[in-house]
Amino acid sequence: MSEKYFTVNIRVYLDKDKPTYIGENSLYELLSDFSCPYNTDVEHFLLYNAIEFAKKDQSVTYLVFNTNDASLVGYFTLAIKPISVNASNISKTMSKKLARVSILDETTHSYTTAAYLIAQLGKNYSIPLENRIEGDILLGFALEIISELKYSVGGVMEFLECEDNEFLIDFYTRHKFKMFDVRTTTPIHDEKSHQLYQFLKFI
7 MSEKYFTVNI
17 RVYLDKDKPT
27 YIGENSLYEL
37 LSDFSCPYNT
47 DVEHFLLYNA
57 IEFAKKDQSV
67 TYLVFNTNDA
77 SLVGYFTLAI
87 KPISVNASNI
97 SKTMSKKLAR
107 VSILDETTHS
117 YTTAAYLIAQ
127 LGKNYSIPLE
137 NRIEGDILLG
147 FALEIISELK
157 YSVGGVMEFL
167 ECEDNEFLID
177 FYTRHKFKMF
187 DVRTTTPIHD
197 EKSHQLYQFL
207 KFI
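Residue numbering for the sequence shown follows the numbering used here, beginning at 7 and increasing consecutively.
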C-alpha cells in the first residue's frame with residue numbers, strides 16, 4: 007500500500023503489556039479529531055463503539071495515519087461474521103466455491119458460512135482536503151489485512167454492506183465486489199428502517 011500512510015490496530019493502545027499503550031482516555035482523545043459528516047453512523051461508531059467492540063472481541067478497528075504528520079486520515083473495522091447467501095442470487099461458479107466451505111440449507115437454498123466483514127470504512131473530513139486519503143487506498147488497507155488473515159487462518163470470502171448510494175455501489179462494484187442481497191434494518195427508537203445493499207467477494 008501507499009507509503010504515505012500506516013495503519014495501527016487500536017488494541018495496541020489498550021494493551022498494558024505493549025510499549026504503545028496509552029489507555030482509553032487518551033485513545034478517546036485521539037479519536038475525537040475524526041469527523042465524517044457524510045455518514046454519521048461511521049463517525050458515531052468510531053467515537054462511541056470501536057473501543058468497546060475491540061475489548062469484547064466483537065470487531066477490531068484499524069486507524070490509518072499520515073506518515074508525515076501522524077494525522078488520523080481514516081479507519082476501517084473488521085470482524086468475522088456468519089453470512090447467508092441465497093443460491094439463486096449468485097452465479098454457478100460462486101455456488102461451487104461456496105459449497106466447499108459452507109452449509110447448504112436445502113429448504114431455503116441458502117449457503118451459510120463464516121466470512122470476513124468490512125464493518126466500517128471511513129475518511130476523516132476534519133483535515134484539509136489535500137491531506138485526505140483516497141477511498142481506494144483506505145479500502146486497499148482493509149483488503150490487505152484480510153489477505154494476511156487468510157494466509158494465516160484460511161477463509162475464502164469477504165463481504166460488506168452499504169447504503170442505497172450510487173457512488174458507494176459503483177465504488178464497491180469497481181473493486182470486484184458482487185451484490186448478492188438487500189437487507190432491511192430493524193428500526194431503533196425513533197429511527198426509520200432502511201435498506202442496506204450486501205456485497206461479497208472471494209479472496
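C-beta atoms are modelled at their ideal positions from N, C-alpha and C, and glycine is treated no differently.
Since this is a predicted model, take the numbers as computed values, not measurements.
For the alpha helix (DSSP H) that contains residue i, what are its first and last residues?
| i | result |
| --- | --- |
| Tyr34 | Gly29 to Leu37 |
Mapping the DSSP letters down to three states, classify residue i as helix, strand or coil.
| i | result |
| --- | --- |
| Tyr19 | helix |
| Tyr157 | helix |
| Phe12 | strand |
Any idea if residue i is buried or exposed, counting beta-carbon neighbours within 10 angstroms, 16 or more meaning buried?
| i | result |
| --- | --- |
| Ser94 | exposed |
| Gly160 | exposed |
| Ala60 | buried |
| Thr99 | exposed |
| Leu135 | exposed |
| Ile139 | buried |
Just to confirm my understanding: we take residue i, look at its own chain, exclude 5 residues before and 5 after, and list those with CB closer than 8 Å. What are they?
| i | result |
| --- | --- |
| Lys207 | Met163, Glu164, Phe165, His181, Lys182, Phe183 and Lys184 |
| Phe71 | Tyr11, Phe12, Thr13, Val14, Ser77, Leu78 and Val79 |
| Ala105 | Tyr117 |
What residues in its chain sit with their C-beta under 6 Å from that of residue i, if we drop five residues either side in the sequence?
| i | result |
| --- | --- |
| Ala56 | Thr67 |
| Ile152 | Tyr122 and Glu164 |
| Leu110 | Tyr117 |
Return the chain-ordered list of same chain residues with a C-beta closer than 7 Å to the C-beta of residue i, the five sequence neighbours on each side being excluded.
| i | result |
| --- | --- |
| Lys103 | Val162 and Phe208 |
| Asn45 | Gly128 |
| Lys24 | Val18 |
Taking 8 Å as the CB-CB cut-off, is residue i touching chain C?
| i | result |
| --- | --- |
| Leu104 | The structure shown contains no chain C, having only a single protein chain. |
Within the region 51–127, ranges of the alpha helix (DSSP H) (whole runs, at least 4 residues):
56–61 and 98–105
What residue ranges within the region 160–209 form continuous beta strand (DSSP E) runs of no fewer than 3 residues, ordered along the chain?
163–169, 184–190 and 201–208
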